[in-house]
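Numbers -28 to -1, 1 to 229, taken from mature numbering (1 follows the signal peptide of the UniProt record, and there is no 0), label the letters of the sequence shown in order. Think of the CB as a built atom: it goes at the ideal place given N, C-alpha and C, for glycine as much as any other residue. Worksheet: the structure to be examined is printed underneath.
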Amino acid sequence: MTGPHRAFSISSLLALLLAGCATTPSPANRSPAAIPAERPRIAVYTQTQGWRHDSIPVAVDAMRELAAEAGYDIVHSEDPALFTDATLSGFDAVAFVNTTGPILDPAQRAAFERYVRAGGGFLGVHSAADTAYDWPWYGELVGAWFENHPPGLQASSVRFEARRELPGAADWQITDELYNYRRNPRPFVDVVATVDESMYDGGTMGEDHPIAWCHARFGGRAWYTGLGHDRTIYADARFRAHLLRGLRHATGQSDDC
């Protein structure tokens, strides 16, 4: 990717993190009232070792815009060298946005596990559930792996759980690729929203088809949405509000997921 929104290499990422530290005055030289709150940092990771979604650039742009709105810093990378203890410690959350396939080597996976167990946040979008099938811990982190999906895009309604209602989304009709998952994640997570399988063909999960959920089973907060395949959904104000809620939850800025 070229231009101002290119993915960071690990060297430029480290330079950015170090620059932020170097330009911050020492607390000893300022009164406590003058010390600003640190902006949450989120790493948006989009490496693919399988299907490559053409919505990835649009998704990254949307994440940047939402982060700017919320006062967060976003770093986009496809470099697996991001996954070291030292580098991950500079982020409040890591977002896997339409990742696919067997990403990360054993050392990188171990570093990410330590990061989450130490309280680091995770946010997964759509095919984050179609990722790393040979990594059982990750499957538990994401909540449920992808099984299959009907052909094309599906039209359905998104129904939020009573205590997870999203303002303005009481009658949210979406058209997107809707995954069937290998298991119903409800026994293992806090379900945020479901889709109505009666509105389209090819659903296999029945009357209870979770599409978004959260949990904190491994120390850090984890949030996942199955939406986000189609590039047009990133222009939907309700989907953007849904993503922003996920960002705030994964970074520990809000208990509401």
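Apart from the five residues on each side of it in sequence, which residues of its chain come closer than 6 Å, Cβ to Cβ, to residue i?
i	result
Ile28	Thr18, Asn70
Glu169	Gly175, His181
Asn1	Any reading at Asn1 needs caution, since the residue's pLDDT is 35, under 50, leaving its predicted position unreliable; the model's value is listed next. None.
Phe84	Phe55
Got a sec? Which residues, its chain only, sit under 7 Å from residue i by beta carbon, not counting five neighbours each side?
i	result
Tyr125	Here residue 125 turns out to be Leu, not Tyr, going by the sequence shown. Here the set comprises Thr147, Asp148, Glu149, Asp202.
Tyr87	Leu60
Nearest chain B C-beta to residue i closer than 8 Å, yes or no?
i	result
Asp45	The structure shown contains no chain B; it is built from a single protein chain.
Would you identify the three-state DSSP class for residue i, choosing helix, strand or coil?
i	result
Tyr206	helix
Trp107	coil
Thr56	coil
Ser(-18)	Because Ser(-18) carries a pLDDT of 49, less than 50, the predicted location of this residue cannot be relied on, and the following value inherits that uncertainty. Residue state, collapsed to three classes: helix.
Glu133	coil
Gly73	strand
Arg217	helix
residue 247	The structure shown has nothing for residue 247, since the chain only spans -28 to 229.
Ala141	coil
Glu15	Correcting the residue identity first, residue 15 is Ala in this sequence and not Glu. Strand, per DSSP.
Phe190	strand
Phe118	strand
Asp45	strand
Thr(-5)	Model confidence at Thr(-5) stands at a pLDDT of 39, short of 50, so the residue's coordinates are unreliable; what they give is reported in the following sentence. Three-state DSSP puts Thr(-5) in coil, outside helix and strand.
Phe63	coil
Glu50	coil
Met35	helix
Asp102	helix
Arg212	helix
Val161	coil
Glu112	helix
So what does residue i bridge to, in DSSP terms?
i	result
Gly96	Phe68, Tyr196
Pro182	Thr166
Thr20	Thr72
residue 289	This structure cannot settle anything about residue 289, because the visible part of the chain is limited to -28 through 229.
Tyr153	Phe118
For residue i, which residues from the same chain have a beta carbon less than 8 Å from its beta carbon, with the 5 sequence-adjacent residues on both sides left out?
i	result
Ala213	Leu138, Pro139, Gly140, Ala141
Taking the alpha carbon of residue i as the reference point, which residue from the options has its own alpha carbon closest?
i	options	result
Ala116	Ser99, Pro122, Pro123	Ser99
Val66	Gly73, Asp57, Pro74	Asp57
Ala40	Gly22, Pro52, Ile14	Ile14
Gly62	Gly92, Tyr151, Ala82, Phe211	Gly92
Pro52	Arg86, Ala79, Arg135, Gly218	Ala79
Asp77	His221, Arg217, Glu133, Phe55	Phe55
Leu215	Gln145, Asp45, Val97	Val97
Ala165	Ala82, Asp143, Tyr172, Asp173	Asp143
Leu113	Arg217, Asp228, Arg24, Ala194	Ala194
Along the beta strand (DSSP E) that carries residue i, what are the first and last residues, could you check?
i	result
Gln145	144 to 148
Phe84	Note, Phe84: premise wrong, no beta strand (DSSP E); alpha helix (DSSP H) at 78 to 89.
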